[in-house]
Amino acid sequence: MSNANPFVPKGRQPKFRVVITIHDLLNIPLNSGFVYVRWHVKDSGHSESKGRTHNAVVKDYRSVWNVDVDSKVRMMVDKNGNLQESLVVVQVFQVGMQWGNGC
């Protein structure tokens, strides 16, 4: 069931404070460059439930962030009072390289 369902009363869509820690990323198929992480909680309507990290340097196939992401997330409670699962989508992006410099 989606959190964006307009037929579910607000009383069954409590807000939670969620803290996610992004430490590092290993085995990146690049020896150098920059990458960043974009994340969001699927089906949550809050703009606070998505974001991105700063650009991190790739060195020896690894990037380090050590960043805490503090967010408010609206989750669903079913008719039996059970909290429904919510998916966190994490995507890693390579920062574009500049072309035309002889590389």
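Residue numbering for the sequence shown follows the numbering used here, beginning at 1393 and increasing consecutively.
The beta-carbon is built from N, C-alpha and C at its ideal position, and this holds for glycine as well.
Source: prediction; values computed, not measured.
Report the option in 1407, 1478, 1477 and 1452 whose CA atom is closest to the CA atom of residue 1416.
-> 1452
Drop a sphere of 10 angstroms on the beta-carbon of residue 1466, count the other beta-carbons inside from all chains shown, and report buried for 16 or more, exposed for fewer.
-> buried
Starting from the C-beta of residue 1449, find all residues in its chain whose C-beta is less than 7 Å away, skip the five residues before and the five after it, and write them out in chain order.
-> 1426 and 1455
In DSSP terms, what residue 1454 is bridged to = Note: residue 1454 sits in a beta bridge opposite 1418 and 1451.
Using beta-carbon positions only, say whether residue 1400 and residue 1482 come within less than 8 Å of one another.
-> no
Between the C-alpha atoms of residue 1413 and residue 1423, what's the straight-line distance to the nearest angstrom?
-> 24 Å
When DSSP labels each residue in this structure, what does residue 1493 get in the three-state scheme?
-> Note on residue 1493: pLDDT 45, under 50, position unreliable in the model; the coordinate value appears next. Looking at residue 1493 - three-state DSSP - the assignment turns out to be coil, as it is neither helix nor strand.
Where does the unbroken beta strand (DSSP E) through residue 1442 begin, and where does it stop?
-> Looking at the DSSP string, the run of the beta strand (DSSP E) that includes residue 1442 is 1442-1444.
How big is the Cα-Cα spacing for residue 1469 and residue 1479?
-> For the pair residue 1469 and residue 1479, the Cα-to-Cα distance works out to about 15 Å.
Assign residue 1446 to buried or exposed, taking buried as 16 or more other Cβ atoms, counted over all protein chains shown, within 10 Å of its Cβ.
-> exposed
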